[in-house]
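Heads up, the thing below is written out as structure tokens.
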Amino acid sequence: MFEIWETSEPARLISDAGSLKVALEKVDTMCRLRHDQAVAHIGEAAAEEGYHFEIRDRDGRALARLTYVPDTTRAYQSVVVEELHGGDGT
Numbered sequence: 005m006f007e008i009w010e011t012s013e014p015a016r017l018i019s020d021a022g023s024l025k026v027a028l029e030k031v032d033t034m035c036r037l038r039h040d041q042a043v044a045h046i047g048e049a050a051a052e053e054g055y056h057f058e059i060r061d062r063d064g065r066a067l068a069r070l071t072y073v074p075d076t077t078r079a080y081q082s083v084v085v086e087e088l089h090g091g092d093g094t
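Heads up: the sequence shown begins at 5 in this note's numbering, then just goes up one per residue.
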């Protein structure tokens, strides 16, 4: 069991996930949402500072951290690289 947290102030639990792969997909979805919001000029101050996410284990320990700053000059590009999903990059 994994928990996905947005640790920007105030910190809040976003979701949980049964696997690391699903947790990574949920973080990617949140980054895509934040990108779309930045393009629509919703929450501009937060977008400039970036959004902070953590994937935590069942004991609350942070396993991974990500700071995402939307780049509104281009289309969203996934923050999850194929190697994190267990792919070989080919």
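We put the CB at the ideal spot given by N, CA and C, even for glycine.
Taking just the CA atoms, how far does L37 sit from A44? The residue you call residue 44 lines up with position 40 of the sequence shown. The residue you call residue 37 lines up with position 33 of the sequence shown. Distance between the alpha carbons of A44 and L37: 11 Å.
Ends of the beta strand (DSSP E) at H56? Here residue 56 refers to the residue found at position 52 when the sequence shown is read from its first residue. Here the beta strand (DSSP E) through H56 covers Y55 to R60.
Using the three-state DSSP reduction, which class does E29 fall into: helix, strand or coil? On the sequence shown, position 25 is the one that residue 29 refers to. Reduced to three states, the DSSP call for E29 is helix.
Have a look at T77, A68 and D75 and flag the residue whose alpha-carbon is nearest the alpha-carbon of V31. Translated into the one-based positions of the sequence shown, residue 31 becomes position 27. Cα-wise, what sits closest to V31 is A68.
On the CB-based measure, 16 or more other CB atoms within 10 Å of its CB, does P14 come out buried or exposed? Start at 1 with the first residue of the sequence shown, and residue 14 comes out as number 10. By the neighbour-count rule (16 or more Cβ atoms within 10 Å), P14 is not buried but exposed.
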